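One structure below.
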Ligand SMILES: [Fe+2]
């Protein structure tokens, strides 16, 4: 898979990259570039930029100098943070407490990426932390939880593992579908209402955010027409709600 940059308009770019599971199977990964009101830029997630995509980003960002911060929104996506810090040495790096522990060579900002302080700093984006499930699961194999970022100006949602699109089928070109991360049930917090809390949170995302560009880490960029994202996410939630609520 060669890297690609998609200009989604209104100052939002999604970069599709590659990530090889166990060094073999390429499941893909992503980062996004957001232009702020001030004219500066931030990244959502870290990625080792190379080739033409890197050239394009450097051209957009005054050779990287206008990138003021990198917000790493998935606690288990840590592999490119150190490289990103070398590429954008002047940027402030935000991450979860797991990023701080895992990638100690990066000088992390004290404010965690999911903090209110960071959300206030970037009103160009709306953030939502998954509820009812672990953000940082004690089981390293469970990656369902993350911090979601929505860019209203371009109607783009940047989400790593929490929501996904199923493998492309011909029909989905007409009717795009969504699925929840396969480890969602295992990620539930050990609390009586965790399943309901998760489903209610996901329902609220479906209702509140008018997503047209769905950018998920290990699937592809899915375009939705008006109302389709809501329909697809509600369908995915309703399908698993009984299983999650009785977990
Ligand atoms: Fe992931």
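In the numbering used here, the protein residues as written are 266 to 512.
Glycine included, every Cβ here is placed at the ideal spot set by N, Cα and C.
Owing to the predicted nature of the structure, the values given are computational and were not obtained by experimental measurement.
Taking only three categories from DSSP, how would you classify residue i?
| i | result |
| --- | --- |
| residue 427 | coil |
| residue 377 | coil |
| residue 301 | coil |
| residue 371 | coil |
| residue 485 | coil |
| residue 514 | Residue 514 is absent from the structure shown; the chain starts at 266 and stops at 512. |
| residue 318 | helix |
| residue 443 | coil |
| residue 334 | strand |
| residue 421 | strand |
| residue 325 | helix |
Give a single yes or no on whether residue i has its beta carbon closer than 7 Å to a heavy atom of ligand 1.
| i | result |
| --- | --- |
| residue 426 | yes |
| residue 479 | no |
| residue 342 | yes |
| residue 482 | yes |
| residue 222 | Lying outside 266 to 512, the shown extent of the chain, residue 222 is not represented and no answer is given. |
| residue 399 | no |
| residue 339 | yes |
In the DSSP assignment, find the unbroken alpha helix (DSSP H) run with residue i in it and report its ends.
| i | result |
| --- | --- |
| residue 410 | Residue 410 -> no alpha helix (DSSP H), and no H or E assigned at all. |
| residue 502 | 493-510 |
| residue 463 | 459-473 |
Can you name the start and end residues of the beta strand (DSSP E) that residue i belongs to?
| i | result |
| --- | --- |
| residue 281 | 277-282 |
| residue 351 | Per DSSP, residue 351 belongs to no beta strand (DSSP E); it is in the alpha helix (DSSP H), 346-352. |
What does the alpha-carbon distance come out to for the pair residue i and residue j?
| i | j | result |
| --- | --- | --- |
| residue 368 | residue 348 | 11 Å |
| residue 323 | residue 477 | 27 Å |
| residue 487 | residue 353 | 29 Å |
| residue 485 | residue 497 | 16 Å |
The stretch 422-432 contacting the stretch 441-457, beta-carbon criterion three pairs below 8 Å: yes
Validate contact between the stretch 308-319 and the stretch 397-411 using beta carbons, cut 8 Å, 3 pairs: In short, these stretches do not touch, since the Cβ pair count stays below three.
contact_flag[the stretch 460-469, the stretch 381-400] where n(CB pairs < 8 Å) is 3 or more: yes
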